[in-house]
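A.B. asks:
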Amino acid sequence: MSTAKSVVLSCAGIGSRLGLATTKALININGRSLISWQLELLRDVEDIRVVVGFQANDVINEVLKYRRDIIFVYNHNYFETKTGTSFYLGARHANEYVLEVDGDLLIHPHDMEKLLKTEGEFIAYADIMSDDAVFVKIGEGGVVNSFSREIGDYEWTGPACIQKKKLHYTSGNVFNQLEPWLPMKGIKIRACDIDTYDDYERALKFIESWDY
Amino acid sequence: MMGKVKFIFDLDGTVTKQETLPTITEHFHDQSAIVELTEQMVEGNVPFIESFIKRTYILGKYPVDEINELLAGVELYQKVVAFIKKHRSDCIVATGNLRCWTSKLADKIGCEFHGSECTLENGAVKKLTTILRKEKIVEQMKNEGYTVVLIGEGNNDLEGMRLADISIATGMTHNPAASVLSIADYVVYQEESLCRLLNQLC
Chain C
49 MSTAKSVVLS CAGIGSRLGL ATTKALININ GRSLISWQLE LLRDVEDIRV VVGFQANDVI
109 NEVLKYRRDI IFVYNHNYFE TKTGTSFYLG ARHANEYVLE VDGDLLIHPH DMEKLLKTEG
169 EFIAYADIMS DDAVFVKIGE GGVVNSFSRE IGDYEWTGPA CIQKKKLHYT SGNVFNQLEP
229 WLPMKGIKIR ACDIDTYDDY ERALKFIESW DY
Chain E
159 MMGKVKFIFD LDGTVTKQET LPTITEHFHD QSAIVELTEQ MVEGNVPFIE SFIKRTYILG
219 KYPVDEINEL LAGVELYQKV VAFIKKHRSD CIVATGNLRC WTSKLADKIG CEFHGSECTL
279 ENGAVKKLTT ILRKEKIVEQ MKNEGYTVVL IGEGNNDLEG MRLADISIAT GMTHNPAASV
339 LSIADYVVYQ EESLCRLLNQ LC
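Protein chains in written order, with this note's numbering: chain C, 49 to 260; chain E, 159 to 360.
Below you can see the structure in the form of structure tokens.
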């Protein structure tokens, strides 16, 4: 079995808050689908697992344009469940360490590169940017001490990397999967979470600010 | 992690690169409705058993030995076969196809092999006696305490997949049947990703 970490891309959701009537992986970011940007950042990762649900066939067909060696994982209960479920399903038969990447996240390429090279477990967070953020509270040395819906130092965006054996079935969110294991190492990144239309417009500006 | 695992593979399009029945049709230059019947079955428009009975009736007149020889030469997904050989005692190939047409191919693959049965007369098929139902094998393996992984793509894999602990749809030769995708845990489109997943499940 490969010792490199698996990457789970959660793309099962219906994107209801965005109002573009399409799952977020397929939204257009500067002429390309969001998932194509993510796949480009993950080009050197062997084990990519894309979790699909809403518009599964469309997401699969889009991904196959770029890569055919993907393991697609179904979350058939996407309507009743959240990203924590997709993460569990995507990770349950993966390699020992699993990197969770939300299907609605744009990450600066340099920061993604850094995360892929980072050994062991961690939680990535960013400057507060989105409308509907979950916050992280940071302790000494940048460790993540807690998540909060109300207040915090930064925005929880993911990715997060954790050992597969620590994950259990949940109908909740990814941060609920991580909470029992806090405090965890934190890493600050430049990233943009797209939940609402305003987030989407911010993401378009964010991508323009990248200087490679 | 998962206890003892049994991998049950569909044959056509999962272990073999080609569909076997159309290969027979082509070999005998048979212009019958086989190809269309196979396509209709794979897409789920005609029930597997109905389609299989019709196809066997059409092809049953040809010499069994010649078909057996022909199918032994069908192109295989080599990485999948290598996985099966490495995990010989954990793998089963289950096909609706006739045992007498596929016994040489089965020897080549080299693991436990289940197919449909018939009686023979003058070296040709006389009468179908049993049509393999993959769900029966899944059930039996589960009763024996195995964690069952079923790998397939056609409508005749559907019930077995539903019962299996883990189901993997394969779109390596053609797209999996829509029915299969509505219940599968995984879908893969290349033998590399299939084998990676199989190794993760060991």
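Ideal Cβ positions, reconstructed from N, Cα and C, are used throughout, including at glycine. Here the structure is a predicted model, which means the values were calculated and not measured.
1. Whose C-beta lies closer than 6 Å to the C-beta of R65/C among residues of the same chain, with five residues either side of it excluded?
2. Please confirm if F120/C has its CB atom under 8 Å from at least one CB of chain E.
3. Identify which residue in V55/C, A139/C, I237/C has its Cα closest to the Cα of Q86/C.
4. May I ask which residues mark the beginning and end of the alpha helix (DSSP H) holding R320/E?
5. Note down, one range per segment and in chain order, each alpha helix (DSSP H) of at least 4 residues found wholly within the stretch 167-194 of chain E.
6. Helix or strand or just coil, what does DSSP make of R213/E?
7. For the alpha helix (DSSP H) that contains Y248/C, what are its first and last residues?
8. Would M49/C count as contacting chain E if we go by Cβ distances under 8 Å?
9. Hey, quick one: how far does the alpha helix (DSSP H) through T261/C stretch, first residue to last?
10. Give a yes or no on whether the minimum CB-CB distance between Q198/E and chain C is below 8 Å.
11. List the residues that DSSP assigns as beta-bridge partners of I210/C.
12. Using a Cβ-Cβ cutoff of 8 Å, what residues of the stretch 98-118 of chain C are near chain E? List them in chain order.
13. Excluding five sequence neighbours on each side, which residues of the same chain lie with their C-beta closer than 6 Å to the C-beta of T253/E?
14. Applying a beta-carbon distance threshold of less than 7 Å, which residues of chain E neighbour D95/C?
15. Hey, which unbroken runs of the beta strand (DSSP E) at 3 residues or more fall wholly within the stretch 231-306 of chain E?
16. On the DSSP bridge list, what partners appear for D241/C?
17. Within the chosen definition, does the stretch 228-243 of chain E reach the stretch 246-255 of chain C through at least 3 CB pairs nearer than 8 Å?
18. How many angstroms separate the CA atom of Q211/C from the CA atom of T183/E?
19. Can you tell me whether K253/C is buried or exposed, with buried defined as 16 or more other CB within 10 angstroms of its CB?
20. Let me make sure I understand the geometry here. Which of V98/C, F135/C, G67/C, E167/C has the alpha-carbon closest to that of I235/C?
21. Could you say which of F170/C, L147/C, A172/C, R115/C lies nearest to Y347/E if we only look at CA atoms?
22. What does H141/C touch in chain D if you count any residue whose Cβ is under 8 Å from its own?
23. Between the stretch 315-328 of chain E and the stretch 341-357 of chain E, do three or more beta carbon pairs fall short of 8 Å?
24. For S58/C and L153/C, I'd like the C-alpha separation in whole angstroms.
25. Do three or more CB pairs link the stretch 100-110 of chain C to the stretch 71-86 of chain C at distances below 8 Å?
26. Would you check if the stretch 196-214 of chain E and the stretch 232-252 of chain E touch, i.e. whether three or more CB-CB distances between them fall below 8 Å?
27. S196/C and K130/C look like a contact to me (Cβ under 8 Å); what is the Cβ gap, rounded to whole Å?
28. Specify the secondary structure class of S50/C as computed by DSSP and reduced to three states.
29. Could you pull out every residue in the same chain whose Cβ sits closer than 6 Å to the Cβ of L263/E, ignoring the five residues on either side in sequence?
30. With 8 Å as the threshold, decide whether the Cβ of Q348/E is near any Cβ in chain C.
31. What residues are listed by DSSP as bridge partners for E203/C?
32. When you compare the CB of S351/E with every CB in chain C, is at least one pair closer than 8 Å?
33. How would you call Y217/C, buried or exposed, if buried means at least 16 neighbouring beta carbons within 10 angstroms?
34. Quick one: measure Cβ to Cβ for H156/C and A208/C, integer angstroms, because I've assumed they're closer than 8 Å.
C.D. replies: Based on what the coordinates show:
1. D243, T244.
2. Yes, F120/C lies at the interface with chain E (some Cβ there is under 8 Å from its Cβ).
3. Residue V55/C is the option with its Cα nearest to Q86/C.
4. Per DSSP, R320/E belongs to the alpha helix (DSSP H) from 316-321.
5. Qualifying alpha helix (DSSP H) stretches, in chain order: 178-185.
6. If DSSP states are grouped into helix, strand and coil, R213/E belongs with the helices.
7. Start and end: 245-256.
8. At M49/C, the pLDDT of 39 sits below 50, so the modelled position is not reliable; the number obtained from the coordinates is stated separately. By this cut-off, M49/C is an interface position.
9. The requested residue 261/C does not occur in the structure, where chain C is confined to residues 49 to 260.
10. Residue-level contact by beta carbon fails for Q198/E and chain C, as no gap is shorter than 8 Å.
11. Residue pairing from DSSP places I210/C in a beta bridge opposite V146/C.
12. Result list: A104, N105, I108, L112, R116, D117, I118.
13. Take T253/E, set aside five residues on each side of it, and the residues of its chain with a beta-carbon closer than 6 Å to its own are L169, G273, in chain order.
14. Counting only Cβ-Cβ distances below 7 Å, D95/C has contacts in chain E at R354, in chain order.
15. Listed in chain order, the complete beta strand (DSSP E) runs (minimum 3 residues) inside the stretch 231-306 of chain E are 249-256, 270-279, 282-288.
16. D241/C pairs with L153/C.
17. Touching, no, given that fewer than three Cβ pairs across the two stretches are closer than 8 Å.
18. Computed Cα separation, rounded: 51 Å.
19. So K253/C counts as exposed.
20. It is E167/C whose Cα lies nearest to the Cα of I235/C.
21. Nearest option by C-alpha distance: R115/C.
22. In the structure shown, chain D cannot be found, because the protein chains are C and E.
23. Yes: at least three Cβ pairs fall under 8 Å.
24. Each residue's alpha carbon lies about 10 Å from the other.
25. With a cut-off of 8 Å on Cβ pairs, the stretch 100-110 of chain C is in contact with the stretch 71-86 of chain C, counting three or more such pairs.
26. Pairwise C-beta distances place the stretch 232-252 of chain E out of contact with the stretch 196-214 of chain E, as fewer than three of them are shorter than 8 Å.
27. About 17 Å separates the beta carbons of S196/C and K130/C, which is beyond the 8 Å limit, so they are not a contact pair.
28. A caution first: S50/C carries a pLDDT of 42, below 50, which makes its placement in the model too unreliable to give a value.
29. Closer than 6 Å at Cβ, skipping near neighbours: L229, A230.
30. With 8 Å as the cut-off, Q348/E counts as an interface residue toward chain C.
31. DSSP, once it has assigned bridges, lists A174/C, F183/C as partnering E203/C.
32. Yes - at least one Cβ of chain C is within 8 Å of the one on S351/E.
33. Exposed.
34. Taking 8 Å as the upper bound for CB-CB distance, H156/C and A208/C are not in contact here, some 17 Å apart.
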